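Chemist: Count along the sequence shown starting at 1, add 442, and that's the number in the numbering used here.
Where is the CB? At the ideal position from N, CA and C, for every residue including glycine.
The model shown is predicted, which means the values in this text are computed figures rather than measured ones.
Attaching a single structure in structure tokens format; questions to follow.
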Amino acid sequence: LAPSSRRALLRSLSWMVPMVPEARATADDAASTAFAPENSTDSAEGAGNAGRRPLRVLELFAGMGGMHAAGIESGLPMEVVASYDVSEICSEAYRHNYGNQSWRLKTIERLSVEELDSLHADVWLMSPPCQPFTRSGKRQDHEDNRTLGLLHLVRVIGEMRHPPFAILLENVIGFERSECRKRLLRALVALGGWEGAEWALDPEDFGLPNRRPRYYALFRVAGNAYVGEGSTVWRPVSELHRDSESEVSPTLLGAPAEVGPPLPLGEFLQARTAIEKEEAELGRSLEVPQEVMQQRADKEGRYDIHLSSDTTSACLTKMNGKLPKGFSPLVLVDEAEAGPLEQRPKVSAQGEGPGRATDHVWRPGVRVRYLSPIEQLRLMGYPETYSFPPSLGFKERAGLIGNSLNV
Numbered sequence: 443l444a445p446s447s448r449r450a451l452l453r454s455l456s457w458m459v460p461m462v463p464e465a466r467a468t469a470d471d472a473a474s475t476a477f478a479p480e481n482s483t484d485s486a487e488g489a490g491n492a493g494r495r496p497l498r499v500l501e502l503f504a505g506m507g508g509m510h511a512a513g514i515e516s517g518l519p520m521e522v523v524a525s526y527d528v529s530e531i532c533s534e535a536y537r538h539n540y541g542n543q544s545w546r547l548k549t550i551e552r553l554s555v556e557e558l559d560s561l562h563a564d565v566w567l568m569s570p571p572c573q574p575f576t577r578s579g580k581r582q583d584h585e586d587n588r589t590l591g592l593l594h595l596v597r598v599i600g601e602m603r604h605p606p607f608a609i610l611l612e613n614v615i616g617f618e619r620s621e622c623r624k625r626l627l628r629a630l631v632a633l634g635g636w637e638g639a640e641w642a643l644d645p646e647d648f649g650l651p652n653r654r655p656r657y658y659a660l661f662r663v664a665g666n667a668y669v670g671e672g673s674t675v676w677r678p679v680s681e682l683h684r685d686s687e688s689e690v691s692p693t694l695l696g697a698p699a700e701v702g703p704p705l706p707l708g709e710f711l712q713a714r715t716a717i718e719k720e721e722a723e724l725g726r727s728l729e730v731p732q733e734v735m736q737q738r739a740d741k742e743g744r745y746d747i748h749l750s751s752d753t754t755s756a757c758l759t760k761m762n763g764k765l766p767k768g769f770s771p772l773v774l775v776d777e778a779e780a781g782p783l784e785q786r787p788k789v790s791a792q793g794e795g796p797g798r799a800t801d802h803v804w805r806p807g808v809r810v811r812y813l814s815p816i817e818q819l820r821l822m823g824y825p826e827t828y829s830f831p832p833s834l835g836f837k838e839r840a841g842l843i844g845n846s847l848n849v
């Protein structure tokens, strides 16, 4: 999206982000004074923020900084007080873009109550590892060691003197039926006075030609106001928890704003000269070897080839850029050179529009390439200012993006 369109969309979605008064409330009166009045008509930008102190934001499972990027793009005032992750590669990408001040290379489960309290964070932003809730991760849920960090936070939030006023959590679809979610709800019920809303959102809902449905939840101290257009159905977390214990399927809200159909993929692709420049910087070609594509053809496997006219593309995952392992969205090196491709019906159509009901079938000699890191960042909604340090190669960049979240 053009910067002006992106800012307009983010302003329309700013109801998802809490605003706080100038002085932080004490633990005793946090429930009644945490955020701005419900009838506030202040803009989320410029003069509307005058006199209102920034949100104190804590990033947990910070990764390459997707939540940080989204906060900046929203135009809402915030101060990132700390960003925790254990990955050295994430550390390189995060610090390259946001500096060293907030970064903490530390496992979440080692955070003490005292350390969390000392940050006085208003909001926790988190995107815990998704593998415990996926089919490929065997859906081990709370029995998977990768949930230790999240479950640690669930345990200690009730012991804090200065717990957050709001929590924004992102994960894969399926988290809403997990034991980890039940335990989080149980902890918020114990705190008292919290409410929540949950969404199933897809980049395609926001005009991006990429399919990547994800679960989002925003929990807050009840009675606090949010600014922006649109309305949200908030429910007490006690009700959400009761339904989860009764195995009632949670109701996930849809996209709050209508922005029209996704744009063609070609709007996000670079010109050939720009691709060649990026390949030179990466020190490698983005073209997929013919023998790798032939392996897929011999196994009648997925190709995930996309044309510039398609209005959808395959999901970016941590295996992105690692063929023959995993899956990656691919595009033609030269559509004119390749000519028309055979079409094969998809097992299940993904909505309407070009590329949604059929797969483009590869044939020997047709040259395909990975999306470049810049193109992948665009599909994930990252701003054009986001970049990677030269020390990270293509596979590292692609893996970080696939493990990241949609800005």
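Hey, residue 525 and residue 545: beta-carbon distance below 7 Å or not?
Modeler: Cβ atoms of residue 525 and residue 545: closer than 7 Å.
Chemist: For residue 539, is the classification buried or exposed, using 16 other Cβ atoms within 10 angstroms of its Cβ as the cut-off for buried?
Modeler: With 16 or more Cβ atoms within 10 Å of its Cβ, residue 539 is classed as buried.
Chemist: Report yes if the CB atom of residue 655 is closer than 7 Å to the CB atom of residue 705, and no otherwise.
Modeler: Result no, Cβ atoms of residue 655 and residue 705 do not sit closer than 7 Å.
Chemist: Quick one: what's got a C-beta closer than 7 Å to residue 737's C-beta in the same chain, skipping five residues either side?
Modeler: Same-chain partners within the cutoff: 766.
Chemist: Over what stretch of residues does the beta strand (DSSP E) that includes residue 525 continue unbroken?
Modeler: Counting along the chain, the beta strand (DSSP E) containing residue 525 begins and ends at 520 to 527.
Chemist: State yes or no: is the C-beta of residue 581 nearer than 6 Å to some heavy atom of the ligand MG?
Modeler: Absence of the ligand MG is noted for the structure shown, with no ligands found whatsoever.
Chemist: Rounded to whole angstroms, what's the CA-CA distance from residue 758 to residue 513? Just pull it up for me.
Modeler: Each residue's alpha carbon lies about 22 Å from the other.
Chemist: On the DSSP bridge assignment, give the partners of residue 748 in chain order.
Modeler: 773, per the DSSP bridge assignment.
Chemist: CB residue 746 to CB residue 769, shorter than 7 Å?
Modeler: Yes, the pair counts as a contact, with Cβ atoms nearer than the cut-off.
Chemist: With a threshold of 6 Å on Cβ separation, who are the neighbours of residue 547 within its own chain once the five nearest residues in sequence on each side are excluded?
Modeler: Around residue 547: 533.
Chemist: Ignoring anything shorter than 4 residues, give me the alpha helix (DSSP H) runs that lie fully in the segment 559 to 621, in order along the chain.
Modeler: DSSP runs (the alpha helix (DSSP H)) wholly in the segment 559 to 621: 590 to 598.
Chemist: By Cβ distance, which residues of its chain are closer than 7 Å to residue 550, with the 5 residues on each side in sequence left out?
Modeler: 502, 503, 526, 591, 594, 595, listed in sequence order.
Chemist: Counting only runs of 4+ residues fully inside the segment 694 to 753, write out the alpha helix (DSSP H) ranges in chain order.
Modeler: Fully enclosed alpha helix (DSSP H) runs of 4 or longer: 714 to 724, 732 to 740.
Chemist: Just to confirm the assignment, what range does the alpha helix (DSSP H) spanning residue 836 have?
Modeler: Run containing residue 836: 836 to 845, per the alpha helix (DSSP H) assignment.
Chemist: I believe residue 763 touches residue 812 by the beta-carbon criterion, under 8 Å. Please report the beta-carbon distance rounded to the nearest angstrom.
Modeler: At roughly 5 Å, the Cβ-Cβ gap stays under 8 Å, so residue 763 and residue 812 are in contact.
Chemist: Under the DSSP definition of a beta bridge, which residues are partnered with residue 802?
Modeler: DSSP, once it has assigned bridges, lists 785 as partnering residue 802.
Chemist: Taking residue 542 as the reference, give the member of 522, 561, 557 with the closest Cα.
Modeler: Ranking 522, 561, 557 by Cα distance to residue 542 puts 522 first.
Chemist: With a threshold of 16 other CB atoms inside 10 Å of the CB of residue 849, please say whether the residue is buried or exposed.
Modeler: Counting Cβ neighbours within 10 Å, residue 849 comes out buried, since at least 16 surround it.
Chemist: Exposed or buried, residue 613, counting other C-beta atoms within 10 Å across all chains shown (16 or more means buried)?
Modeler: Buried, since its Cβ has 16 or more Cβ neighbours within 10 Å.
Chemist: Hey, how far is the Cα of residue 520 from the Cα of residue 510?
Modeler: Their Cα atoms are separated by approximately 9 Å.
Chemist: What do you reckon, are the CB atoms on residue 643 and residue 658 nearer than 7 Å?
Modeler: Yes. Within cutoff.
Chemist: Spatial neighbours of residue 536 within its chain, please: C-beta separation below 7 Å, excluding the five flanking residues on both sides.
Modeler: Contacts found: 504, 506, 507, 525, 545.
Chemist: Going along the chain, which residues of its own chain have a beta-carbon closer than 8 Å to the beta-carbon of residue 496, five neighbours each way excluded?
Modeler: The residues are 519, 520, 521.
Chemist: Taking the straight line between their C-alpha atoms, what separation do you get for residue 801 and residue 777?
Modeler: Residue 801 and residue 777: Cα-Cα distance of roughly 15 Å.
Chemist: Under 7 Å Cβ to Cβ from residue 711, same chain only, skipping five residues before and after it: list those, please.
Modeler: Same-chain partners within the cutoff: 750, 773, 817.
Chemist: Determine the closest residue to residue 558 out of 599, 577, 575, with distance taken between C-alpha atoms.
Modeler: Measuring from the Cα of residue 558, the nearest candidate turns out to be 599.
Chemist: Using the beta-carbon count (16 or more within 10 Å), is residue 587 buried or exposed?
Modeler: Exposed, because fewer than 16 other Cβ atoms sit within 10 Å of the Cβ of residue 587.
Chemist: Note down, in chain order, each residue of its chain lying with its Cβ closer than 6 Å to the Cβ of residue 808, except the 5 sequence neighbours on either side.
Modeler: Closer than 6 Å at Cβ, skipping near neighbours: 780.
Chemist: Leaving out the 5 sequence neighbours to the left and right, which residues in its chain are closer than 6 Å to residue 466 when beta-carbon positions are compared?
Modeler: In this prediction, residue 466 has a pLDDT of 41, which is less than 50 and means its spatial position is unreliable; what the coordinates show is noted afterwards. Contacts found: none.
Chemist: My assumption, with CB atoms under 8 Å, is that residue 635 sits in contact with residue 663. Please give the rounded CB distance.
Modeler: At roughly 6 Å, the Cβ-Cβ gap stays under 8 Å, so residue 635 and residue 663 are in contact.
Chemist: Going by DSSP in three states, residue 496 sits in which element: helix, strand or coil?
Modeler: Residue 496: coil per DSSP, three-state reduction.
Chemist: Mind checking which residues open and close the beta strand (DSSP E) that includes residue 810?
Modeler: Run containing residue 810: 810 to 812, per the beta strand (DSSP E) assignment.
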